[in-house]
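Trainee: Residue numbers (the working numbering), protein chains in the order written: chain Z, 1 to 134; chain F, 135 to 277.
Ideal Cβ positions, reconstructed from N, Cα and C, are used throughout, including at glycine.
Before anything else, here's the structure in question.
See below:
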């Protein structure tokens, strides 16, 4: 991959090079994205809690009006995007840790992807629908 | 465990038998271990809980009847318990996650520091949850 992986420079043995990638068989990109999305959600937590508080005790018309406003829709879209990605990675780690049968593991990871994308898209569609006022 | 390998020449792809580290039941149970599992459990709970969030948003976009269904559910005792549990899982997972960020940055690894961080996440999560619900009741008049 990078220059540090060339045989001359690398401190890692050939066995270590293939084994240390672990059950995920990949590198650190998911680790990093898990952190980015985690920080994003931490920053968004107070606005999101405030939005949920604003909706308490309101009927559908009132809730739809609030959810359809631009800043609130954007905050919720960001939160949904970050949480779907974060939970997809988190669940994949859990699957890779506990599901040892390779086929079952791949199936579970696929279902995890389907679930996360479906939840994210359904929620996104709902917010866009509210914003467009259809 | 360290005895001679019966197979003379294992193929390169075969799993090499090595001494294994004992699993968690061997060790003295510690707070950080317990909370590590709680972090996972709350994460899984939040994962499933996004269905509730999606249902709520879709209902709001669908119309008064669908939204009334959601409100009837979240207003029921079971619904309230679930949303309360969801609030705690979210608050705890967030604070526990912040604790992980501290560790990622290389701080807080001394025995007393990691204990303090873990207690902080545990107590902070409960405090935030109760606080959010007190405010929620004050604003929404019990939803």
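Roughly how many angstroms lie between the CA atoms of residue 173 of chain F and residue 70 of chain Z, to the nearest whole one?
Mentor: Roughly 33 Å between the two C-alpha positions.
Trainee: Can you tell me whether DSSP reads residue 270 of chain F as helix, strand or coil?
Mentor: Reduced to three states, the DSSP call for residue 270 of chain F is helix.
Trainee: Quick check on residue 217 of chain F: buried or exposed, where buried means 16 or more other Cβ atoms within 10 Å of its Cβ?
Mentor: Under this definition residue 217 of chain F is a buried residue.
Trainee: Is residue 98 of chain Z helix, strand or coil by DSSP?
Mentor: Residue 98 of chain Z falls in the helix class under three-state DSSP.
Trainee: Are there 16 or more other CB atoms within 10 angstroms of the CB of residue 98 of chain Z, so buried, or fewer, so exposed?
Mentor: Classification of residue 98 of chain Z: exposed, given that the 10 Å Cβ count is below 16.
Trainee: When you compare only the Cα positions, how much space is there between residue 165 of chain F and residue 252 of chain F?
Mentor: In a straight line, the C-alpha of residue 165 of chain F is about 7 Å away from that of residue 252 of chain F.
Trainee: Taking just the CA atoms, how far does residue 79 of chain Z sit from residue 86 of chain Z?
Mentor: One C-alpha to the other measures close to 10 Å.
Trainee: Is residue 198 of chain F close to chain Z? Criterion is C-beta to C-beta, closer than 8 Å.
Mentor: Yes, its Cβ sits closer than 8 Å to a Cβ of chain Z.
Trainee: To test your reading of the DSSP string, which unbroken alpha helix (DSSP H) runs of 4 or more residues are found completely within the stretch 49 to 80 of chain Z?
Mentor: The qualifying runs are 60 to 67.
Trainee: Using C-beta distances below 7 Å, list every residue in its chain close to residue 83 of chain Z, excluding the 5 sequence neighbours before and after it, in chain order.
Mentor: Hits under 7 Å: 41.
Trainee: Strictly below 8 Å CB to CB, what residues from chain Z border residue 194 of chain F?
Mentor: Those within 8 Å of residue 194 of chain F in chain Z are 60, 63, 64, 67, 126 and 130.
Trainee: Can you pull the chain F residues whose beta carbon is under 8 Å from the beta carbon of residue 94 of chain Z, in chain order?
Mentor: Under the 8 Å cutoff, chain F gives 174, 177 and 178.
Trainee: Would DSSP call residue 212 of chain F helix, strand or coil?
Mentor: Note: residue 212 of chain F maps to helix in three-state DSSP.
Trainee: Within 8 Å (strictly less), CB to CB, does residue 231 of chain F reach chain Z?
Mentor: It does; some Cβ of chain Z falls within 8 Å.
Trainee: Between which residues of its own chain and residue 149 of chain Z is the CB-CB distance below 7 Å, once the five residues before and five after are set aside?
Mentor: Only positions 1 to 134 of chain Z appear in the structure, and residue 149 of chain Z is not among them; the question remains open.
Trainee: So residue 185 of chain F contacts chain Z; which residues on that side make the cut at Cβ distance below 8 Å?
Mentor: Within 8 Å Cβ-Cβ: 119.
Trainee: Please list, in chain order, the chain F residues whose beta carbon lies closer than 7 Å to that of residue 12 of chain Z.
Mentor: Within 7 Å Cβ-Cβ: nothing; residue 12 of chain Z doesn't reach chain F, min ~17 Å.
Trainee: Between which two residues does the alpha helix (DSSP H) harbouring residue 173 of chain F extend?
Mentor: Residue 173 of chain F -> alpha helix (DSSP H) spans 165 to 196.
Trainee: Could you check how far apart the C-beta atoms of residue 255 of chain F and residue 169 of chain F are, in whole angstroms? I think they sit under 8 Å.
Mentor: With a Cβ gap of about 7 Å, residue 255 of chain F and residue 169 of chain F count as contacting.
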